[in-house]
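Peer 1: Mind looking over this structure? Questions follow.
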Amino acid sequence: MNSLRQYFSYMLVGGVVGACAVIARQLGAYVFPDTRFYYVLVIVLVYGAGIVLSYLLQKKHTFRDRRRGTPRQFLRFWLIAAFSGCLTALLSYVFRYGLALDSLFGTWSPTIAFTLAVLLTSLGNFFLNRRFVFGHTSLDTQHESAKK
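If you want the working numbering, it's the position in the sequence shown, counting the first as 1, plus 1.
This is how it looks when you write it as structure tokens:
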């Protein structure tokens, strides 16, 4: 699978997981009060569940890693995702409160801020996961090994 197709698959899987996360964040907004603390808390909880779902789907569909997953592999994936989650929470906060999205978009501002933050962090995640988590199992690497 060439890099562009692999990235498209990564974004497609990420889009599915992201859509689930946005829906879960919306549900969280109904469960918790709309304060700065709970806004970030819901994002952290949603992101945690998304990490597990993303790992399983990216492993199978994007990177086509058919081997049994190892704790070390998941830990690398988790570390990248955890860093990205912190960055996503920070960017979401800055977009919503620093750019005053509430005054522009009203009740949609939390969702818009979160979605923008996720889109910005996804490109870096792809390259980090491809190199440090699944790099040795990508079809490009297997294809190159078969040539030798």
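The beta-carbon is built from N, C-alpha and C at its ideal position, and this holds for glycine as well.
Can you list, in chain order, the stretches of the alpha helix (DSSP H) that have 4 or more residues and sit fully within the segment 67-107?
Peer 2: DSSP runs (the alpha helix (DSSP H)) wholly in the segment 67-107: 72-94, 102-106.
Peer 1: Spell out a yes or no on whether the segment 108-125 and the segment 88-95 are touching, meaning 3 or more CB-CB pairs, one atom from each, closer than 8 Å.
Peer 2: Yes, they touch.
Peer 1: Cα-Cα, which of 86, 63, 133, 130 is closest to residue 10?
Peer 2: When each option's Cα is compared against that of residue 10, the closest is 63.
Peer 1: Where does residue 53 fall in DSSP's three states?
Peer 2: Helix, per DSSP.
Peer 1: Would the segment 96-116 and the segment 70-79 be scored as touching if the rule is three or more Cβ pairs under 8 Å?
Peer 2: Verdict: no, contact absent.
Peer 1: Taking all protein chains shown into account, do 16 or more other C-beta atoms lie within 10 angstroms of the C-beta of residue 134, making it buried, or fewer, making it exposed?
Peer 2: Residue 134 is buried by the Cβ-count criterion.
Peer 1: Quick one: residues in its chain with C-beta nearer than 8 Å to the C-beta of residue 106, no 5 flanking neighbours on either side, listed in chain order?
Peer 2: Answer for residue 106: 113, listed in chain order.
Peer 1: Is the segment 31-47 close to the segment 119-131, with three or more CB pairs under 8 Å?
Peer 2: The segment 31-47, when compared against the segment 119-131, does not touch it at the 8 Å Cβ threshold.
Peer 1: Just mark residue 31 as buried or exposed, buried being the case when its beta carbon has 16 or more other beta carbons within 10 Å.
Peer 2: Burial call: exposed.
Peer 1: Which stretch, first to last residue, makes up the alpha helix (DSSP H) that contains residue 115?
Peer 2: Looking at the DSSP string, the run of the alpha helix (DSSP H) that includes residue 115 is 110-133.
Peer 1: Please state whether DSSP places residue 38 in a helix, a strand or coil.
Peer 2: The answer is helix: DSSP assigns residue 38 an H, G or I state.
Peer 1: For residue 60, count the other beta carbons within 10 Å of its own beta carbon; 16 or more makes it buried, fewer makes it exposed. Which is it?
Peer 2: Per the 10 Å Cβ criterion, buried.
Peer 1: Considering only residues of the same chain and omitting the five flanking positions on each side of residue 83, which have a CB-CB separation below 7 Å?
Peer 2: Nothing listed; no residue qualifies.
Peer 1: How big is the Cα-Cα spacing for residue 28 and residue 41?
Peer 2: Distance between the alpha carbons of residue 28 and residue 41 is about 14 Å.
Peer 1: DSSP three-state call for residue 9: helix, strand or coil?
Peer 2: If DSSP states are grouped into helix, strand and coil, residue 9 belongs with the helices.
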